[in-house]
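S.K.: Questions regarding the structure given below will be posed in turn.
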Amino acid sequence: MNRRLNLDIPHNNTFLLPRDLLAAADHLIEIKFGMGTLDDMNHLKNKRIRSIADLLQDQFGLALVRLENAVRGTIYGAIRHKLIPTPQNLVTSTSLTTTYESLFGLHPLSQVLDRTNPLTQIVYGQKLSYLGPGGLTGRTASFWIRDIHPSHYGGIYPINTSEGINVRLIGSLAIHVRIGHCGSIESPFYDISERSKEAQIIFYHQIEMNIIW
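If you read the sequence shown in the numbering used here, its first letter stands for residue 3, the second for the next number, and so on.
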């Protein structure tokens with residue numbers, strides 16, 4: 003957001019400020035009158051990878067909401083029957099265990115790990131998917147989303163994909179990439195300098211690569 007709107011807000015600030023809204027409104031007005039450039043939604047700099055940690059965090063929040071509703075129901079029942087609730091009766095792990103069991107057992111993105119071949123864990127760890135809750139479906143995804151974008155260079159391996167209706171909706175990361183702290187894909191490059199004799203490996207995310215190229 004800082005680069006797009008030319009702001010200098012610290013990265014540890016995770017909430018919107020009035021200046022953010024004003025800068026966004028000014029940018030939209032400039033685009034309306036043809037003075038700005040539109041973002042390419044298929045560019046990797048405009049995409050973020052949601053890891054399994056993000057999914058677990060969402061499920062943990064859902065489990066806390068269910069636990070809150072269960073505690074309120076127990077308290078209301080105890081007051082109605084003139085009983086004294088105890089911590090053992092109020093807080094149980096049922097909501098937490100049920101939520102995580104549904105995540106690992108019934109989630110559309112969950113897969114059974116093949117323990118006979120240890121390399122399958124590496125393959126599963128590199129998978130990318132547009133599918134799942136909040137994502138696309140094989141029947142609604144357009145050709146432009148399935149197409150290979152130039153920003154995929156060094157970040158996504160385009161050949162390793164599924165077949166059929168989900169083609170190019172399930173892919174794989176490149177071998178040596180890593181995921182940044184914001185969920186962006188960072189690709190390794192050799193930094194060759196005339197001063198240093200040894201080449202150093204530097205990871206660039208897609209915004210920096212777009213500036214370099």
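Even glycine gets a Cβ: it sits at the ideal position worked out from N, Cα and C.
(1) Residue 135 lies in the beta strand (DSSP E); which residues open and close that run?
(2) Out of 82, 75 and 160, state which residue places its alpha-carbon closest to the alpha-carbon of residue 93.
(3) Apart from the five residues just before and just after residue 48, which ones in its own chain have a Cβ nearer than 6 Å to its Cβ?
(4) Where does residue 173 land, buried or exposed, given buried means 16+ other C-beta within 10 angstroms?
(5) Distance, Cα to Cα, residue 149 vs residue 51?
(6) Quick one: is residue 27 buried, meaning 16 or more other Cβ sit within 10 Å of its Cβ, or exposed?
(7) DSSP beta-bridge partners for residue 193?
(8) Give the range of the beta strand (DSSP E) segment to which residue 130 is assigned.
(9) So, at 6 Å on beta carbons, what are the nonlocal neighbours of residue 105 in its own chain, with the 5 sequence-adjacent residues on each side left out?
(10) Who are the near neighbours of residue 185 in its chain, counting only those whose CB is closer than 6 Å to its CB and skipping five residues on each side?
(11) Would you check if there are 3 or more beta carbon pairs closer than 8 Å linking the stretch 54-69 to the stretch 29-37?
(12) Where does residue 173 sit, in a helix, a strand or coil, going by DSSP?
(13) Using the three-state DSSP reduction, which class does residue 86 fall into: helix, strand or coil?
(14) Taking 8 Å as the threshold, find out whether the stretch 120-129 comes into contact with the stretch 142-156 through three or more Cβ pairs.
(15) Could you give the DSSP three-state label for residue 154: helix, strand or coil?
(16) Residue 181 by DSSP, collapsed to three states: which one?
(17) Can residue 134 and residue 108 be called in contact, C-beta distance under 7 Å?
M.R.: Taking the definition as stated:
(1) Looking at the DSSP string, residue 135 is not in any beta strand (DSSP E), and its letter there is neither H nor E.
(2) 75
(3) 41
(4) buried
(5) 18 Å
(6) Exposed is the label assigned to residue 27, since fewer than 16 other Cβ atoms lie within 10 Å of its Cβ.
(7) 202
(8) 129-131
(9) 61
(10) 50 and 51
(11) no
(12) Per DSSP, reduced to three states, the secondary structure at residue 173 is strand.
(13) coil
(14) Contact between the stretch 120-129 and the stretch 142-156 is absent, because fewer than three Cβ pairs lie under 8 Å.
(15) helix
(16) Strand, per DSSP.
(17) No. Outside cutoff.
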